[in-house]
Structure formats: structure tokens, C-alpha cells
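Some notes on the structure that comes next.
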Amino acid sequence: MVSQEQILDALRKVEDPDLHKDVVSLKMIRDLKIEGDVVRFTLHLTTPACPMKDRMRNDAEKAVLALPGVREAHVNLDATVVNDGRNRGVMDVPVRNAIAIGSGKGGVGKSTVAVNVAVALAQTGATVGLLDADIYGPNVPTMMGVKELPPPKGNKITPAEAYGVKMMSIGFLVKPEQPLIWRGPMLHSSIKQFISDVAWGDLDYLIVDLPPGTGDAPLSLAQSLSLSGGVIVTLPQDVSLEDARRGLYMFEQLQVPVFGVVENMSYLEMPDGNRLHVFGSGGGKRLAKEANVPFLGMVPMDPSVSVSGDSGKPIVVSQPDSPVAQALKALAEQIAAQTSIAAYKRSNNVIPINLVG
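Residue numbers 2 to 358, in this note's numbering, belong to the letters of the sequence shown in order.
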């Protein structure tokens, strides 16, 4: 009969493609059981949104099946989201990772990306919060189909919830037509309150929808909340890239790791199968290469995205099998992977690096 040590030796040849270490050294093998010629174990991942989970399970299964005396190998998948190890003293509950979604300018679909990424992560089983820090243009309540907050509990604001995502926005506290004419101190105070005075609960990921530009809001957020990393959303065109480049270097100046660049509205799929590049092509990939950060992927144009957002049902929910929903789900997986990489590097006292994929 095969031994436990033989199985672990075989599994040492299986590598996590993101962390570049074998699954045994990473302590991902749990509940190993040998029942005659049948082997069962759990592969415990760093996130349920791991983009390589099927590949890793297949590699682990093949490695064990290659051993003499093994007829069957059953690999169960489980996950615990890794903590980035950053101190978030303003929150009295665990928030393992906080990720800002930003852009250098408006009109690039940043909020749409933030909303759909949050929902996609929740669909994998992660606990997710969504903070609408776009004080001057709070669109998250509309996009998530929620009009008001639940009653408070004690001295804490209870976040709204939809599609498995907890959320907070100034849009819940002011009338839709009411403009917010605030200077920096008031903006800073409101963002800090949304972080410390909301009963977020235990979160794997807090997705933060930043306002466009490089003004007071991103600075206030970086001062109030220790961010795991930031993601830049851009269009392919040069004008958008110029502003996205400013947003990217803003993260760097604030010492926020840049997880990568997303190119939104990359192309329009035509009925004949061709792609129409309405805003040019390849700009997001060029920006990522120039800044030496990962290119996280392209999201195609689709009129259904705006319809879904206006109706309060994100595209990953309303049309989960559509190409744009699949692209957004893949984007959520890439962001989760970059978060795990940064947290792993930090926990091992290694400077976080960006792996270009």
C-alpha cells in the first residue's frame, strides 16, 4: 500500500503557478486519507477565486495517480483567503484585504468594474464588502439595486447588502438630486466614518470604488485605510491612458502596491464575429508594460452592461454566461490572485512584486 510520505513526495512536484512554490511547502494539503488503493485529500487554496484551481487540482490528481498502488485519487478543493497582514486599527473587525479600484478620469466604467468584481468574488464564496468612496458621484446604490440602509445596530451603521455583498455609499444618505459641495476636510471625515463606523463584519475583501482623478478622496482613503493594493481602469485610447498613468503613479507615491491595469470597453463584438475597436486597441497592455505591472485583462463593450447597471442587476448576475460577464469574472480572479501573491510575499518578509500575466 502507498504511504503518506510517498504521496507527499509526489505532491511536492505540484506548484502553485502564482506563488511559485510546491503545494506541500505551502501547507495546502489537508485531510490526507489512504483507503487501500484510494487516496483522498483536500487542496486548500489561498482564495476561492483562484484562477488556477482546476489546473492545480488536475496536476495534484495526476501526480498521485502516477504512484504504484494508487487506483483512484479524489481531490477536494477548499480555501481560506490569505490576510495581507496590514494593520487596520480604524476597523474593529477583520478585513483581510482592501483593494482600491481607480482611474485617472471619469467615464471609463470604473464603478461598473468595481461592482461586478465585488459580486463575482462573492459568487465564489468569499465574504465581500463594497465601499463607494466616489463621494461626488455615488452610483453603487443604483447599480446594486438598493435604495436605503437597514436600521443601525447600536452605534454602528449597518451596511446594505445585495448579491452577497455588503455596501456603503453616501448615496444612501443624501437625496439623488442633492449635490455635495464639500471641501477636503469634510470629504476626509466622511470616508473615515464609512470605514470605522460601519459594521462591516468579517471580510475577505473590501473593494473600494474611488472617484476619478488624483485628488483628496484617494489621499484620504490611503491615510484612513491601509490598502492591500490598487487597480487602474482605463480605455484603450491615448487620452484615457494619459490620465490612467497619473492614477497609477498616484498609487505608487502613496506606497500602495499596484496590482495591475484593466482595459475596459476594449472592443465591440460584431455579428459577423469581427471585433470593432471603437477606442483603439492595445493601450492598456502598453501602459502595464511601461509601468512594469500586470495586465489584468480586457473587458469588451456590451450595451447590456449599462442596462444591467441601470436596473440594479450587475451583468455577472443578469447575464452570467455572456462574454463581458465572463471577462469580469476572470478579472475578479486575477485581482484575487494578485492579492494572494502580495499577501504571501509580505508574510514572508519579501518585498511584494507584480507578476506580469
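Every residue, glycine too, gets a C-beta built ideally from N, C-alpha and C.
Terminal residues of the continuous beta strand (DSSP E) containing residue i?
{"i": "Y250", "result": "Segment 239 to 254 is the alpha helix (DSSP H) holding Y250; no beta strand (DSSP E) there."}
{"i": "P219", "result": "Segment 217 to 225 is the alpha helix (DSSP H) holding P219; no beta strand (DSSP E) there."}
{"i": "R87", "result": "Neither: R87 is in no beta strand (DSSP E) and is coded neither H nor E."}
{"i": "S267", "result": "259 to 270"}
{"i": "A74", "result": "73 to 80"}
{"i": "M360", "result": "Lying outside 2 to 358, the shown extent of the chain, residue 360 is not represented and no answer is given."}
{"i": "E162", "result": "161 to 163"}
{"i": "R41", "result": "39 to 46"}
{"i": "V317", "result": "Counting along the chain, V317 falls outside any beta strand (DSSP E), though it belongs to the alpha helix (DSSP H) covering 316 to 319."}
{"i": "E36", "result": "30 to 36"}
Distance check for residue j and residue i, CA to CA, integer angstroms please.
{"i": "G165", "j": "A123", "result": "6 angstroms"}
{"i": "L46", "j": "A80", "result": "4 angstroms"}
{"i": "T235", "j": "Q224", "result": "24 angstroms"}
{"i": "T125", "j": "M169", "result": "21 angstroms"}
{"i": "G37", "j": "L329", "result": "44 angstroms"}
{"i": "L277", "j": "N293", "result": "28 angstroms"}
{"i": "F252", "j": "S309", "result": "30 angstroms"}
{"i": "L207", "j": "R347", "result": "18 angstroms"}
{"i": "L66", "j": "I35", "result": "13 angstroms"}
{"i": "K157", "j": "K28", "result": "38 angstroms"}
{"i": "E62", "j": "P52", "result": "18 angstroms"}
{"i": "M299", "j": "G86", "result": "30 angstroms"}
{"i": "N98", "j": "D205", "result": "6 angstroms"}
{"i": "P353", "j": "K176", "result": "Residue placement at P353 is poorly supported in this model, since its pLDDT is 41, which falls under 50; the coordinates still yield a value, given next. Approximately 42 angstroms, taken between the alpha carbons."}
{"i": "D19", "j": "A331", "result": "15 angstroms"}
{"i": "R58", "j": "H75", "result": "9 angstroms"}
{"i": "L356", "j": "S112", "result": "Only weak support exists for where L356 lies, its pLDDT of 35 falling under 50; the value from the coordinates is given anyway. Taking the straight line from one Cα to the other gives about 25 angstroms."}
{"i": "K286", "j": "G274", "result": "23 angstroms"}
{"i": "R364", "j": "Q5", "result": "The chain is shown only over 2 to 358; residue 364 falls outside these bounds and no answer can be derived."}
{"i": "T128", "j": "F195", "result": "18 angstroms"}
{"i": "A218", "j": "L33", "result": "49 angstroms"}
Measure the Cβ-Cβ separation of residue i and residue j and say whether it is below 7 angstroms.
{"i": "A50", "j": "A337", "result": "yes"}
{"i": "L222", "j": "I192", "result": "yes"}
{"i": "S305", "j": "Q327", "result": "no"}
{"i": "L188", "j": "I233", "result": "no"}
{"i": "D23", "j": "R13", "result": "yes"}
{"i": "D203", "j": "P95", "result": "yes"}
{"i": "L288", "j": "Q335", "result": "no"}
{"i": "T43", "j": "N84", "result": "no"}
{"i": "R89", "j": "S227", "result": "yes"}
{"i": "G313", "j": "G107", "result": "no"}
{"i": "L269", "j": "V279", "result": "yes"}
{"i": "P301", "j": "V318", "result": "no"}
{"i": "L255", "j": "G103", "result": "no"}
{"i": "G281", "j": "W201", "result": "no"}
{"i": "V82", "j": "T48", "result": "yes"}
Less than 7 angstroms between C-beta atoms, sequence neighbours within five positions excluded: which residues of the same chain meet that for residue i?
{"i": "Q7", "result": "L68"}
{"i": "G230", "result": "I100, V257, P258, V259, F260, Q339, T340, A343"}
{"i": "A333", "result": "A50, V118, A121, L122"}
{"i": "P152", "result": "T159"}
{"i": "P139", "result": "D133, S170, I171, G172"}
{"i": "A163", "result": "M145, G146, V147"}
Once the 5 residues before and after residue i are set aside, which same chain residues still bring their CB inside 6 angstroms of it?
{"i": "D60", "result": "V15"}
{"i": "V116", "result": "M144, P315"}
{"i": "V3", "result": "L68, G70, V71"}
{"i": "E73", "result": "V39"}
{"i": "G105", "result": "D244, A245, R247, G248"}
Run the proximity test for residue i: is its beta-carbon closer than 6 angstroms to any non-hydrogen atom belonging to the ligand MN?
{"i": "I158", "result": "In terms of ligand content, the structure shown is empty, and the ligand MN therefore cannot be addressed."}
Tell me the residue span of the alpha helix (DSSP H) that contains residue i.
{"i": "P142", "result": "141 to 145"}
{"i": "A289", "result": "284 to 292"}
{"i": "T113", "result": "111 to 124"}
{"i": "A64", "result": "54 to 66"}
{"i": "L12", "result": "5 to 12"}
{"i": "L332", "result": "324 to 348"}
For residue i, which residues from the same chain have a beta carbon less than 8 angstroms from its beta carbon, with the 5 sequence-adjacent residues on both sides left out?
{"i": "G284", "result": "T235, L236, P237, Q238, D239, S241, L242, E264"}
{"i": "P142", "result": "D133, K148, A161, M168, S170, G172, F173"}
{"i": "S323", "result": "D303, S305, I316"}
{"i": "A11", "result": "A64, V65, A67, L68"}
{"i": "M266", "result": "V109, G110, L236, P237, V279, F280, V300, P301, M302"}
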